[in-house]
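**Student:**
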Amino acid sequence: MINFIKGSIALCRLDKPIGIYLIFWPALAAAVISTDVISNLDVLAIILIGSILVRSIGCVINDIFDKDIDNKVERTKSRPLASGQLTTLEGWIIFSILAICILALLIQTNLQTVIVSSIFGCMIILYPLMKRFFLGPQLFLGITFNPIFIVHAITESITLGSFIFFFAIFCWVVAYDTYYGLCDIEDDKKLGINSTPLWWKARTQNLIFGFQFLFVVSLYFVGNFYAFSSYWIFALMVISLFFVYQSHLAKNNEYLSAFKNNNLVGMILCLFLLFEIYFIQ
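This is the structure we're talking about:
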């Protein structure tokens, strides 16, 4: 039982929470824009628990599909399914438990949220297969692990601003996950796994910058839509400086550090939004 619990924690990557943060920050940002999160702590709780569950179930289904690939890659060969610490059946049991927990959470929301979440849930299951059949799986990830529509469905506030914000987060996810993809580029080549770095080749850093630029520009239009103050421009300048720093890390082949630095980008985004909503407007 202890081995199963330890394996479950590792399988869900609960010991490596960066993925949870990268879902939680944009989800929190979407909530701050669309509702009073201080008064609606139930929404905040759903977002926090949902971020943990969604990231966990995404890791589990990914490892179930990729166990025969992961055991050939140095960075992933110690994962529970690839190493044999857990069986595939145990992986499916954990997946089922997480799915039931997500369903229980969705029941606390509304029909619109259930419908939107079901669509994204199907995409989460399909995502691991994209690496085999689609040149740019990071583009699919940018849609799949993008919480804007789900949060705005919870708060019943889907507007044009939601679409702009969704596109902004899409661009951000593509950029940071391309840095993550650069960590495994040699293994991906050998195994025939697709990724944006392999697709874009020498243009990779320029295209990362392009998606980061679109992220910042889209956030500017989000600010326009919601009538933010001029402080929002300062926020975008700060975020841009983080991207410059990430580019510096990438030049030194510190791709994982560049990827993890996006946790601070998400945190800064939320802090400036909280400041804008609660102290300026």
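For this note's numbering, count along the sequence shown from 1 and bump the result up by 880. Glycine included, every Cβ here is placed at the ideal spot set by N, Cα and C.
1. Starting from the Cα of Leu933, find the closest Cα among Ile974, Pro1017, Ile949, Pro906 and give me that residue.
2. Excluding the 5 residues flanking Phe904 on each side, which residues of the same chain have their C-beta closer than 6 angstroms to its C-beta?
3. Would Thr968 be called buried (16 or more neighbouring beta carbons within 10 Å of its own) or exposed?
4. To the nearest angstrom, report how far apart Leu1034 and Thr989 are at their CA atoms.
5. Please determine, among Ile1073, His1032, Pro1017, the residue with the shortest C-alpha to C-alpha distance to Ala1055.
6. In whole angstroms, what is the alpha-carbon distance linking Asn1104 and Leu978?
7. Assuming Val1145 contacts Ile1119 under a Cβ cut-off of 8 angstroms, what Cβ separation, rounded to an integer in Å, is found between them?
8. In chain order, which continuous runs of the beta strand (DSSP E) of length 3 or greater are located wholly inside the region 1017 to 1053?
9. Rounded to whole angstroms, what's the CA-CA distance from Pro1077 to Asn1143? Just pull it up for me.
10. Indicate the three-state DSSP secondary structure (helix, strand or coil) for Cys1002 in the structure shown.
11. Could you check whether the region 1007 to 1015 touches the region 894 to 913, counting it as contact only if at least three pairs of C-beta atoms, one from each stretch, sit closer than 8 angstroms?
12. Can you name, in chain order, every residue of its own chain whose Cβ lies under 7 angstroms from the Cβ of His1032, other than the five neighbours on each side?
13. Between Val923, Asp1068, Gly938, which has its C-alpha nearest Thr993's C-alpha?
14. Specify whether the region 881 to 889 and the region 1014 to 1029 touch according to this definition: at least 3 beta carbon pairs, one from each stretch, less than 8 angstroms apart.
15. Can you give me the C-alpha to C-alpha distance between Leu986 and Ile980, rounded to a whole angstrom?
16. Taking 9 angstroms as the CB-CB cut-off, is Leu1009 touching chain D?
17. Just to confirm the assignment: which complete beta strand (DSSP E) runs, minimum length 3, are found wholly within the region 903 to 950?
18. Compare the Cα-Cα distances from Leu1154 to each of Val953, Leu1071, Tyr1111 and report the closest residue.
19. With H, G and I counted as helix, E and B as strand and the rest as coil, what does DSSP make of Phe1155?
20. Would you please state the rounded distance, in angstroms, between the beta carbons of Phe1093 and Trp1052? I believe it to be under 8 angstroms.
21. Can you give me the C-alpha to C-alpha distance between Phe1047 and Met881, rounded to a whole angstrom?
22. Taking buried to mean at least 16 other C-beta atoms within 10 Å of its own C-beta, is Gly1062 buried or exposed?
23. Let me check understanding here. Comparing Cα to Cα, which of Pro1027, Leu928, Arg1012 lies closest to Asp946?
24. Output the boundary residues of the alpha helix (DSSP H) element that contains Ser888.
25. Counting only runs of 4+ residues fully inside the region 1083 to 1116, write out the alpha helix (DSSP H) ranges in chain order.
26. When burial is assigned at 16 or more other CB atoms within 10 Å of the CB, is Arg1083 buried or exposed?
27. Use the C-beta contact count for Ser997: other C-beta atoms within 10 angstroms, 16 or more gives buried, fewer gives exposed.
**Tutor:** The answer reads as follows:
1. Ile974
2. Ser931
3. exposed
4. Just to set this straight, residue 1034 is Ile in the shown sequence, not Leu. Going from the Cα of Ile1034 to the Cα of Thr989 covers about 6 angstroms.
5. Pro1017
6. 38 angstroms
7. 6 angstroms
8. none
9. 21 angstroms
10. helix
11. no
12. Ala910, Ser914, Ile1038, Ser1042
13. Val923
14. no
15. 10 angstroms
16. This model lacks chain D altogether, as it is built from one protein chain only.
17. none
18. Tyr1111
19. helix
20. Not quite, the Cβ-Cβ distance comes to about 11 angstroms (not below 8 angstroms), so this is no contact.
21. 43 angstroms
22. Correcting the residue identity first, residue 1062 is Leu in this sequence and not Gly. It counts as buried.
23. Arg1012
24. 882 to 891
25. 1084 to 1105
26. exposed
27. buried
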